DNA sequence: TAAGTTTCTGACTAACTGGTTAACAATTAA
DNA sequence: TTAATTGTTAACCAGTTAGTCAGAAACTTA
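Protein chains in written order, with the numbering used here: chain A, 1 to 210; chain B, 1 to 210.
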């Protein structure tokens, strides 16, 4: 009975192994899909025997569930929140910057999330229905307030959020395509800054904020 | 020896069965992924015995390949081309409209394409490297020309194309999420028009064209 | 040290999967 | 009609996969 708040040596080895497995599993799930990622392939990538994987997670579905949760936690932490007092320009800039940095730093997190949604979001219907819908409503309300105050152009706030999400996540999810088209092997730090500048520029101007 | 340009009754039954299989397969591949979609599940959806599926396509990989090709053909037809003489405003409007309509009409096509790219585009590396890179270069050149002529704001043309792609495809790939957030069961015709208007408006203004 | 607990692992199995085959049915062509 | 081609299908098989299990090893605690 290793409860969550007990921190013992045994707890550490458990947590460490689980994290190692989660990271290996995430990569496998992204590369091969849920069914294509076998427990054996996850084990190989984590450099552990297969039976060990199933000692820490009772089955494959459990691993996937844990990977998803781990991804969502990371996501929420990375985005932070908006200060209503800072006005629309800074708010949009901050969201764009945070999301672009996340996309370039953790493309796999974005990818596994994207695949889950594309396939119908069977494992996180609740997440979208409760937490995410709430988040969008709050932010949309804020934008609407700024619009009513004449602080930005009259654009649909919900679709504006979709636009920011799609444009920023694109660099993670479609990195293969983007790199190929740009004839590059990898992204560099200056690409990140360029994308932030580009998207901020065009979206802010699109919202009448420049 | 049923050659492609021969149109016989036997050719018709073949083409009909193959199309039925392709449509069933596309849905299965989207819902379950490549590995998760079994030949049996495709057969069930197509309402044909499994052996019949493997009579028309010699193996599973072949089916997937055919689904991808069918998708890309549809895509290319749907986008059409830009007339360089029409100026940046009409050009961007037309691309946005075409892509948004495609996304709402054929979300599965967009989804299967997205999944393929996310997973590393193993089956269409060549497509991106040749055809798509060419397309982007051509269009980027056109935009750059308009920028140099002072006909639109100085935004990076390649990233502009990425922005348009991501923003429009988002409505197909993430339809589940979007519907949930908007608390809707399905999209309606007026949603399509609203998205076209929204994206045109914000992106055109972002490009200094309004 | 001894007992108890956690970690580790090879070997096994039941279920499933892609693909084959062989026989049969329907259609077409001569 | 007859022969050939095309379409249809059940039954089968070899390989793979998730998950089990029993026992060994390592570590913790008293």
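Just so it is clear, CB atoms sit at the ideal spot from N, CA and C, and this is done for glycine as well.
Quantities reported herein were computed from a predicted structural model and do not represent experimental measurements.
Integer-rounded CB distance, given that residue 82 (chain A) should sit under 8 Å from residue 139 (chain A): 7 Å
Can you name the residues of chain A whose CB is closer than 7 Å to the CB of residue 56 (chain B)? What residue 56 (chain B) touches in chain A: nothing, since even the nearest Cβ is about 23 Å away.
Take residue 107 (chain B) and list the residues in its own chain whose beta-carbon comes closer than 7 Å to its own, dropping the five residues that flank it on each side. 172 and 175
Closer than 8 Å, Cβ to any Cβ of chain B: which residues of the stretch 56 to 81 of chain A, in chain order? none
Using a Cβ-Cβ cut-off of less than 8 Å, list which residues of the stretch 143 to 164 of chain B approach chain A; keep chain order. 153, 155, 156, 158, 159, 160, 162 and 163
Sequence-distant residues of its chain with Cβ nearer than 8 Å to residue 112 (chain A) (five each side left out): 26, 29, 30, 67, 68 and 71
Can you list, in chain order, the residues of its chain whose CB lies under 8 Å from that of residue 98 (chain B), leaving out five sequence neighbours each side? 78, 79 and 80
Under 6 Å Cβ to Cβ from residue 91 (chain A), same chain only, skipping five residues before and after it: list those, please. 82
Under 7 Å Cβ to Cβ from residue 195 (chain B), same chain only, skipping five residues before and after it: list those, please. 100 and 171
Quick one: what does DSSP say residue 213 (chain B) is sitting in, helix, strand or coil? Nothing can be reported for residue 213 (chain B): it is not among the residues displayed for chain B, which extend from 1 to 210.
Look at the alpha carbon of residue 89 (chain B) and the alpha carbon of residue 59 (chain B), and state the distance between them as a whole number of angstroms. 47 Å
Would you tell me roughly how many angstroms separate the C-alpha atoms of residue 51 (chain A) and residue 61 (chain A), rounded to the nearest one? 15 Å
With distances taken from CA atoms, which of A:205, A:20 and A:129 is nearest residue 44 (chain A)? A:20
Classify residue 130 (chain A): buried if its beta carbon has 16 or more other beta carbons within 10 angstroms, exposed otherwise. exposed
May I ask you to report which of helix, strand or coil DSSP gives residue 9 (chain B)? Model confidence at residue 9 (chain B) stands at a pLDDT of 40, short of 50, so the residue's coordinates are unreliable; what they give is reported in the following sentence. Three-state result, residue 9 (chain B): helix.
List, in chain order, every chain B residue whose beta-carbon is nearer than 9 Å to that of residue 170 (chain A). 162, 163, 165, 166, 167, 169 and 170
Which residues, in chain order, does the stretch 83 to 103 of chain B contribute to contact with chain A at a C-beta distance below 7 Å? none
Could you give the C-beta distance for residue 208 (chain A) and residue 203 (chain B), rounded to a whole number, given that I count them as a contact under 8 Å? Residue 208 (chain A) to residue 203 (chain B), Cβ: 13 Å. No contact.
Note down, in chain order, each residue of its chain lying with its Cβ closer than 8 Å to the Cβ of residue 165 (chain A), except the 5 sequence neighbours on either side. 99
Check the Cβ of residue 201 (chain B) against every Cβ in chain A and list those closer than 8 Å, keeping chain order. 155 and 206
Element boundaries [alpha helix (DSSP H), containing residue 65 (chain B)]: 60 to 79
Closer than 8 Å at the beta carbon, the chain B residues around residue 133 (chain A): 180, 181 and 183
Verify the CB distance criterion: does residue 23 (chain B) have a CB-CB separation below 9 Å to chain A? no
Just the C-alpha distance for residue 227 (chain B) and residue 177 (chain B), rounded to the nearest angstrom, thanks. No information on residue 227 (chain B) is available, as it lies outside the stretch 1 to 210 that chain B covers here.
Can you round the beta-carbon distance between residue 39 (chain A) and residue 22 (chain A) to whole angstroms, since I take them to be within the 8 Å contact cut? At roughly 14 Å, the Cβ-Cβ gap does not stay under 8 Å, so residue 39 (chain A) and residue 22 (chain A) are not in contact.
Between residue 123 (chain B) and residue 56 (chain B), is the Cβ-Cβ spacing less than 9 Å? no
Residues of the stretch 111 to 125 of chain B with Cβ closer than 8 Å to any Cβ of chain A, in chain order: 111, 114, 115, 117, 118, 119, 120, 121 and 125
is_contact[residue 48 (chain A), chain B] using C-beta, thresh 9 Å: no
Beta carbons nearer than 8 Å to chain A: which residues of the stretch 25 to 45 of chain B have them? 30, 31, 32, 33, 34, 35 and 36
Of the listed residues B:16, B:33 and B:18, nearest to residue 120 (chain A) (C-alpha basis): B:33
Can you look up residue 15 (chain B) in the DSSP assignment and give me helix, strand or coil? helix
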